[in-house]
Amino acid sequence: MAANQNTCSETNSMKAFYASLGSSETTPLSHGFYVPIEKTKKAIHILQELLSKKFSLLLHPGRSIVLKDTLKYLLTLPQNEGFCMTTKSELQKLLQCFEQWSVEYHNASGLSITAKTELSNASEVMNDLEANVKEFHEMDKEEMCLCNKLNCLQERKRKLEEQIEIINVEIAKSTKEKDKVGKSKTELYQKGRELKAKRDDLMINVPRLKAEQDLANKTRDNIEAEWFKLQKQFMPLVARVASSSLPPQASHA
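Written as structure tokens, this is what we have:
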């Protein structure tokens, strides 16, 4: 059973090989073999090299332009110069996929960056609000301590008239500190309200932003996976085209 499958596979490979040669068997001897110009050989080599890279690396402006120009150049070659219609159809499919996925990948990356930035801002505001609440409670305790101290001092003033001057100095000092702390507390309260308002606005968008970030990451991962499939599909094809269409290198010895 395995031997029959191997024989069938070998037969199919041989048929595919001779089918890719197109009409070379019926052309005159002088035109029976495709001897590509240097530009064509270079284009095939460039295509092989670019197909080996990850999709994200091909989005560099230079590589993207080179890949599209190379494919467009190969698609413009006459059929009698080594590329059958099946090969050109596959190359056209490769070009269309790359152009479409380039746009989708770029959009997904932009969406991911935006979501990441806004999520970072939301986290920063939440941390600031938490710090504000903690500091407010600390100052509230401090204010209560100062109020209690003032009450004690005022009580001592009524009982200890002989110490009135000393107590008045402490009262003035404590009153000043209390006013300062109260002012700071009021400012913190206002800031806390502003931070809470910002937090509430940002928290509304958190589920959407996380969903968009997840979708963007999945889109990029799917594109990379599909590109990997195309790599496996087209690398052997390009290699066969290169090996079947390029003549042996002449010795320069």
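First residue of the sequence shown: 0, per numbering that gives the first Met the number 0; consecutive thereafter.
All residues carry an ideal CB built from backbone N, CA and C; glycine is no exception.
From a predicted model like this one, the values you see are computed outputs, not experimental measurements.
Since GLU37 and ILE222 should fall inside the 8 Å C-beta cutoff, what is the C-beta to C-beta distance between them, to a whole number of angstroms? Taking the sequence shown and counting its residues from 1, the one referred to as residue 37 is at position 38. Taking the sequence shown and counting its residues from 1, the one referred to as residue 222 is at position 223. Not really, about 34 Å apart at Cβ, beyond 8 Å.
Can you name, in chain order, every residue of its own chain whose Cβ lies under 6 Å from the Cβ of ASP200, other than the five neighbours on each side? Taking the sequence shown and counting its residues from 1, the one referred to as residue 200 is at position 201. Nothing listed; no residue qualifies.
Among LEU145, ASN147 and GLU98, nearest to PRO60 - alpha-carbon criterion: In the sequence shown, the residue the question calls residue 60 occupies position 61. It is GLU98.
Once DSSP output is grouped into helix, strand and coil, what is the label at HIS59? Here residue 59 corresponds to residue number 60 of the sequence shown, with the count starting at 1. In this structure, HIS59 counts as coil in the three-state DSSP scheme.
When burial is assigned at 16 or more other CB atoms within 10 Å of the CB, is THR85 buried or exposed? Taking the first residue of the sequence shown as 1, we reach residue 85 at position 86. Label assigned to THR85: exposed.
To which residues of the same chain is ASN126 closer than 8 Å at the C-beta, ignoring the five residues directly before and after it? Within the sequence shown, numbered from 1, the residue matching residue 126 stands at position 127. For ASN126, where only same-chain residues beyond five positions count, there are no Cβ hits under 8 Å.
Between ALA254 and ARG207, what straight-line distance do the alpha-carbon atoms span, to the nearest angstrom? Look at the range of the chain in this structure, 0 to 252, and you will see that residue 254 is not part of it.
Nearest-angstrom Cα separation, counted from LYS182 out to ASN167: Numbered from its first residue, the sequence shown carries residue 167 at position 168. Numbered from its first residue, the sequence shown carries residue 182 at position 183. Rounded to whole angstroms, ASN167 to LYS182 spans 22 Å at the Cα level.
Assuming THR282 contacts ALA42 (C-beta within less than 8 Å), just tell me the rounded distance between them. A query on residue 282 cannot be resolved here, the shown segment of the chain reaching from 0 to 252 and no further.
Does DSSP classify LEU159 as helix, strand or coil? The residue given as residue 159 occupies position 160 in the sequence shown. DSSP places LEU159 in coil when its eight states are reduced to three.
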